[in-house]
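Written out below as structure tokens is the structure these notes cover.
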């Protein structure tokens, strides 16, 4: 008899799983259940849509439900799984438009529900609509165009908060970015984050650090009016909460699936939920092994969601691929700077009790005489004595950030900074000085490792 | 008694050696002898100067003779070493302005004479002045501005030939690029080189392949007038010969230093000339070990010259650093494409009798909806069975080329394409699709390796 795979969640992880399963098994029944109206869309692209870098919302959809259906995947949008029965191997599905419930049996299950926004626990915060789905983005964009709206406040200076702040500056709004901690972008060390803050301020964003959100005030029609913070009240026609998301595990937990120490679903390296045969999970809702920290972490990025989804789909259909883990690579464009990181930061090392040597260099992205040359800062974090590269951070103008992948491969492969400094990296005046900034940083770090001694 | 280091050649390798020696030993007598008027200039930047991307010739000088003199290095410009006596440990130095000869003793010697242009053996070719030094570049630029000059012919479609052709297009000239072989850029495989040719033609360069130079014709005042090729005569107010350079080894050979199979000076991994104590060589005149081909090669690039020079300077002053070899990394910007390569090409593998699996993918540099997204081609070359990455080539729009360093580290570290496809590389819409083109290429190559079987 034909087997049946049910996929819960129709975004990156879920649809990667469905597509991979389909490629491997043309006969398999595949049902993908998605709460929203879209499949496989790029949430990462929303700030650029909001900022007006492009206008057509559909360009964020990499494959539509109809395209998936043409490959024989039964995509059910506007449907929500409300319960999973692992004993009977069924899910309860609510049709959100018809308001009817049904039951669907499965042989294999891929759980890929993603993450949900967490509103800060202050009055009025939960009345702010998140900007995570395409529908929410569309509505948000329409609100921005409302006559007489001038002031926007973003709460949380994560990369998403910064991207949204920049997008609203591009829309001509006055933007204040409110951050509780003492720096923007907590994934960077403070001195690197300071350059990002400078870039944000350079385009006119007012950055308020060490400032707590106390209340979001709305008018009688539910429109945002102001934000009350520990540093006073700010006018706010628009409020964006970028205060974090949490893995959407409720449904899985109710079914008895296990949550790990990171707060996300526990999976093994085959994306299998431990102890339950034929049940897989992938994407923002699961935890992944951090190869440097050597512990499970929950990283919400499309790159992992796609890979893990594909692996779940392959393994659910009798294949055998392992997800090798993550090393915390991330990249973003914030105003005129590109920002990237991989491995562990100095701050993460301290928190984890790992002793490190770290060095920051300032250099230029291109040969000094070549047009467009500008500053780049590279920070490397290495293991004492061995000099093994454990992490890197990069901030700089155009051309800076993608260099992070060079460091990512070096971190992954266990390269020592003393080796890296003599690696045969490319050089031509449009792309770097004769010593690439990464080589300069590796050399300085190797020197610091030697000087620190054994 | 204070020791004395003589450095022959005042460009990248020589002055890196002098500077490194000075940093390690403040007492050492250091004499650097340079035939030209400049030290440490960026020959790689000459096409951009010619093209008018910047105007000030001095910007190509990274450190002037005067700056080196301030660190106590006795820089003698416009002086040429005409003989080396390894027995007596002396060099004969001719002062080119005074036309006088003198003798200088040394304890340690660094030989860093670089390379010299090779004119093709056809009538009139040796009357074309090369464009390799700053003075030559300055004269060439002045000639371009001469009234009534419209036609330029570049002989040789290497990266230098292409860069010079583009530079003259930027100056408003009609440019024909004549290449003897069947493709441009012989360092790339033919199908990758075809994209580069398309880019060159896109800016109006006429590319003539399989065309031999037969004669360069000059008028009675010595100005270029036309170029005679196997495909006919071409009008030519300017002729650039980019037909290759050879290591400047004559002086060394006359002194008894050994030349290796690549035609360049043989050195060990400490940059020592074998069999002669205290004599080092570095830069374009030496051969380096190719880590993939496992044989000596002569690669003329500033990046190696700088590293080898520094290593020679360190080792000449009692230090001990090894040059780890090269893997053939190179990058260039040709018209609207960036072009890069590392490791071995499919063609090189064939020539060397190495069996490989290779795959080319076409992708986009950024998310499709993000402004500036454009084509990128990635070709990977891997070892059968193991899938170890042996080389990569990249052609594409802005943002494409520096990805070569990711592959360079992977090649260097012996990463397999099946591992690489799941590496944690960065993703954000301004920088790539959710799967970076390198991951897409790695995945396709891993598949091809599996399909090829053991």
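Residue numbers (this note's numbering), protein chains in the order written: chain A, 3 to 456; chain B, 3 to 456.
Yeah, the Cβ is synthetic: ideal placement off N, Cα and C, and Gly gets one too.
Cβ-Cβ separation, residue 384 (chain B) to residue 419 (chain B) (assumed contact under 8 Å), whole Å = Contact holds; Cβ gap of about 5 Å.
Cross-strand partners of residue 381 (chain B) (DSSP beta bridge) = Here residue 381 (chain B) is bridged, per DSSP, to B:362, B:395.
ask   = What does residue 406 (chain A) reach in chain B if we use C-beta pairs closer than 7 Å?
value = Scanning chain B for C-beta atoms nearer than 7 Å to the C-beta of residue 406 (chain A) yields 428, reported in chain order.
ask   = In angstroms, rounded to a whole number, what distance separates the CA positions of residue 96 (chain B) and residue 176 (chain B)?
value = For residue 96 (chain B) and residue 176 (chain B), the distance between alpha carbons rounds to 42 Å.
Cβ-based neighbour list, residue 247 (chain B), same chain, cut-off 7 Å, excluding 5 preceding and 5 following = Excluding five sequence positions before and after residue 247 (chain B), the CB atoms of its chain that fall closer than 7 Å to its own CB belong to 117, 118, 119, 120, 302, given in chain order.
key: Coarse secondary structure for residue 252 (chain B), derived from DSSP in three states   = Look at residue 252 (chain B) here: in three-state DSSP terms it is helix.
Local conformation of residue 168 (chain B) per DSSP, three classes = Here residue 168 (chain B) sits in helix by DSSP.
key: Proximal residues, the region 303-332 of chain A versus chain B, C-beta separation under 9 Å   = Of all residues in the region 303-332 of chain A, only 303, 304, 305, 306, 307, 308, 309, 313, 323, 324, 325, 326, 327, 328, 329, 330, 331, 332 come within less than 9 Å of chain B when Cβ atoms are compared, listed by chain position.
ask   = In the region 46-76 of chain A, which residues sit with their C-beta less than 7 Å from some C-beta in chain B, listed in chain order?
value = Taking 7 Å as the Cβ-Cβ cut-off against chain B, the residues of the region 46-76 of chain A that qualify are 46, 47, 50, 55, 56, 61, 62.
Distance CB(residue 197 (chain A))-CB(residue 333 (chain A)) smaller than 9 Å = For residue 197 (chain A) and residue 333 (chain A), no; Cβs fall outside 9 Å.
query = In whole angstroms, what is the alpha-carbon distance linking residue 290 (chain B) and residue 284 (chain B)?
reply = Distance between residue 290 (chain B) and residue 284 (chain B), taken at the CA atoms: about 9 Å.
task = Give a yes or no on whether the minimum CB-CB distance between residue 335 (chain B) and chain A is below 9 Å.
result = With its beta carbon less than 9 Å from one in chain A, residue 335 (chain B) belongs to the interface.
Supposed close pair residue 331 (chain B), residue 295 (chain A) - CB separation, criterion 8 Å = Between residue 295 (chain A) and residue 331 (chain B) the Cβ distance is about 31 Å, and since that is not below 8 Å, they are no contact.
ask   = What does residue 391 (chain B) touch in chain A if you count any residue whose Cβ is under 9 Å from its own?
value = Those do not exist, as residue 391 (chain B) stays about 10 Å from chain A at its closest Cβ, beyond 9 Å.
task = Identify the continuous alpha helix (DSSP H) that holds residue 67 (chain A) and give its terminal residues.
result = Segment 67-71, the alpha helix (DSSP H) holding residue 67 (chain A).
task = Name the residue from B:78, B:174, B:371 whose alpha carbon lies nearest to the alpha carbon of residue 58 (chain A).
result = The shortest C-alpha separation from residue 58 (chain A) is found at B:371.
ask   = Which word fits residue 240 (chain A), buried or exposed, when buried means at least 16 other C-beta atoms lie within 10 angstroms of its C-beta?
value = If you draw a 10 Å sphere on the C-beta of residue 240 (chain A), you find 16 or more other C-beta atoms in it, and that means buried.
key: Per-residue DSSP class, three states only, for residue 439 (chain B)   = Looking at residue 439 (chain B) - three-state DSSP - the assignment turns out to be helix.
query = Between which two residues does the beta strand (DSSP E) carrying residue 342 (chain A) extend?
reply = Annotation for residue 342 (chain A): the continuous beta strand (DSSP E) segment containing it runs 339-345.
request  = Using alpha carbons as the reference points, say which of B:180, B:263, B:243 lies closest to residue 233 (chain B).
outcome  = For the options B:180, B:263, B:243, the alpha carbon positioned closest to that of residue 233 (chain B) is the one of B:180.
In DSSP terms, what residue 292 (chain B) is bridged to = In the DSSP output, where bridge partners are listed per residue, residue 292 (chain B) has B:297, B:328.
task = List in chain order: all unbroken beta strand (DSSP E) runs of 3+ residues lying wholly within the region 119-193 of chain A.
result = The qualifying runs are 153-157, 176-180.
query = Would the region 215-224 of chain B and the region 126-145 of chain B be scored as touching if the rule is three or more Cβ pairs under 8 Å?
reply = Put simply, the region 215-224 of chain B touches the region 126-145 of chain B. At least three CB pairs are less than 8 Å apart.
query = Taking the C-alpha atoms as reference points, what is the distance between residue 253 (chain A) and residue 189 (chain A)?
reply = Pairing residue 253 (chain A) with residue 189 (chain A), the inter-Cα distance amounts to about 29 Å.
query = Leaving out the 5 sequence neighbours to the left and right, which residues in its chain are closer than 7 Å to residue 448 (chain A) when beta-carbon positions are compared?
reply = 389, 419, 420, 423.
request  = Using a Cβ-Cβ cut-off of less than 8 Å, give me the residues of the region 368-390 of chain A that come near chain B, in sequence order.
outcome  = Within the region 368-390 of chain A, the residues whose Cβ lies closer than 8 Å to some Cβ of chain B are 369, 370, 371, 372, 373, listed in chain order.
inquiry  = Contact between the region 39-53 of chain B and the region 81-96 of chain B is defined here as three or more beta-carbon pairs at a separation below 8 Å; is this criterion met?
reply    = In short, these stretches do not touch, since the Cβ pair count stays below three.
task = Closer than 6 Å by C-beta to residue 159 (chain A): which residues in its own chain qualify, once you throw out the five before and the five after it? Chain order, please.
result = The residues are 179, 181, 186.
message = Taking 8 Å as the cut-off, is the beta-carbon of residue 74 (chain A) closer than that to any non-hydrogen atom of the ligand MG?
response = In terms of ligand content, the structure shown is empty, and the ligand MG therefore cannot be addressed.
ask   = Where does residue 46 (chain A) sit, in a helix, a strand or coil, going by DSSP?
value = Residue 46 (chain A) sits in a helix when the DSSP states are folded into three classes.
query = Name the chain C residues that come within less than 9 Å of residue 437 (chain A), Cβ to Cβ?
reply = Reference to chain C is not applicable here, since the protein chains of this structure are A and B.
ask   = Which residues in chain A sit within 7 Å of residue 142 (chain B), going by Cβ to Cβ distance?
value = Result: empty, since nearest Cβ-Cβ is about 17 Å, beyond 7 Å.
Residue 414 (chain B) vs residue 329 (chain B) beta-carbon contact at 9 Å = Taking 9 Å as the Cβ cut-off, residue 414 (chain B) and residue 329 (chain B) qualify as a contacting pair.
ask   = Cβ atoms of residue 174 (chain A) and residue 337 (chain A): under 9 Å apart, would you say?
value = No. Outside cutoff.
request  = Taking residue 18 (chain B) as part of the alpha helix (DSSP H), name the residues at either end of that continuous run.
outcome  = For residue 18 (chain B), the uninterrupted alpha helix (DSSP H) run begins and ends at 14-26, by DSSP.
request  = Give a yes or no on whether the minimum CB-CB distance between residue 269 (chain B) and chain A is below 9 Å.
outcome  = By this cut-off, residue 269 (chain B) is not an interface position.
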